[in-house]
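Chemist: Got a structure here, written out as structure tokens. Questions coming.
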Amino acid sequence: MKATSMKALVLGLATACLLFAAAHAKPKDQVGTGIITTTSELNATAAMDKLMEIVTARGFAVAVRVNHAAAAATVDMDLRPTETLIFGNPVAGTPLMQEQQSIALDLPLKLAVWQDADNKTIIAYNDPEFLASRHGITENSMRISAQADFLKNVTAEAAS
Ligand SMILES: *[C@@H]1O[C@H](CO)[C@@H](O)[C@H](O)[C@H]1NC(C)=O
Ligand SMILES: *[C@@H]1O[C@H](CO)[C@@H](O)[C@H](O)[C@H]1NC(C)=O
Ligand SMILES: *[C@@H]1O[C@H](CO)[C@@H](O)[C@H](O)[C@H]1NC(C)=O
1 MKATSMKALV LGLATACLLF AAAHAKPKDQ VGTGIITTTS ELNATAAMDK
51 LMEIVTARGF AVAVRVNHAA AAATVDMDLR PTETLIFGNP VAGTPLMQEQ
101 QSIALDLPLK LAVWQDADNK TIIAYNDPEF LASRHGITEN SMRISAQADF
151 LKNVTAEAAS
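Below you can see the structure in the form of structure tokens.
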């Protein structure tokens, strides 16, 4: 084996070890940056049913509900219950995109629900303050905090 490819191999292995260590060093409850999580006593399906009901009752339109576990099953892969809900309301979203169109990448709003390794139901969403900072939204801070409030309320209602 040439010295350069040996070096590449060693470097690759070292990187893989680092990535592995990083993945495993992550505390269980810390899923990432700018992500807010809560737990629910309902199972994942029931929690998502309830979230859908709540956001619809509040005048939001559901764009899509994605059942990742069902999709995994169609290709013979195993995934604990995991779903994503994408929903929005032009009254809430338009002013944000008028200010910074790049926030279209993170709109409509999303809620994710999954059953974790301990069978706990986790509800997660992007922290609106994080998205505001990501996209440089500064003129709509009232709308951003209302959105944060709204998501907090909605997920609290789906806790049981
Ligand atoms: C989830 O909870 C609902 C309501 O209690 C129940 O009807 C349903 O069978 C449960 N689903 C699973 C997969 O346990
Ligand atoms: C989680 O629930 C499944 C069935 O839904 C069960 O087989 C498994 O033992 C449970 N695991 C834990 C850690 O409770
Ligand atoms: C969230 O809930 C609080 C307390 O119930 C309420 O005062 C507030 O108006 C709600 N905000 C939104 C945006 O739903």
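For the sequence shown, counting from 1, position 7 maps to 7 in full-length UniProt numbering; every step adds exactly one.
Beta carbons are placed, not taken as given, at the ideal position from N, Cα and C, and that holds for glycine.
1) State the DSSP-derived secondary structure class of T39, mapped to helix, strand or coil.
2) Which of helix, strand or coil does DSSP assign to A70?
3) Residues in its own chain within less than 8 Å of S141 by CB, not counting five upstream and five downstream?
4) With respect to the beta strand (DSSP E) encompassing K50, which residues constitute its N-terminal and C-terminal limits?
5) Go through its chain and collect everything with a Cβ distance to M97's Cβ below 8 Å, but skip five positions before and after it.
6) Could you tell me whether the segment 142–158 touches the segment 80–91, where touching means 3 or more Cβ pairs closer than 8 Å?
7) Out of P90, D127, A72, which one is the CA nearest neighbour of V31?
Modeler: By the coordinates alone:
1) Position 39 of the sequence shown holds residue 39. Residue state, collapsed to three classes: strand.
2) Looking up residue 70 in the sequence shown gives position 70. When secondary structure is reduced to three states using DSSP, A70 falls in the helix class.
3) Working through the sequence shown from its first residue, we reach residue 141 at position 141. Closer than 8 Å at Cβ, skipping near neighbours: A132.
4) Position 50 of the sequence shown holds residue 50. In this chain, K50 is not harboured by any beta strand (DSSP E); it is covered by the alpha helix (DSSP H) spanning 44–57.
5) Taking the sequence shown and counting its residues from 1, the one referred to as residue 97 is at position 97. Counting only Cβ-Cβ distances below 8 Å, and skipping sequence neighbours, we find I103, A104, L107.
6) For the pair of segments examined, the segment 142–158 was found not to touch the segment 80–91: the number of CB pairs separated by less than 8 Å stays below three.
7) In the sequence shown, the residue the question calls residue 31 occupies position 31. Residue nearest to V31 within the set P90, D127, A72 is D127 (criterion: CA-CA distance).
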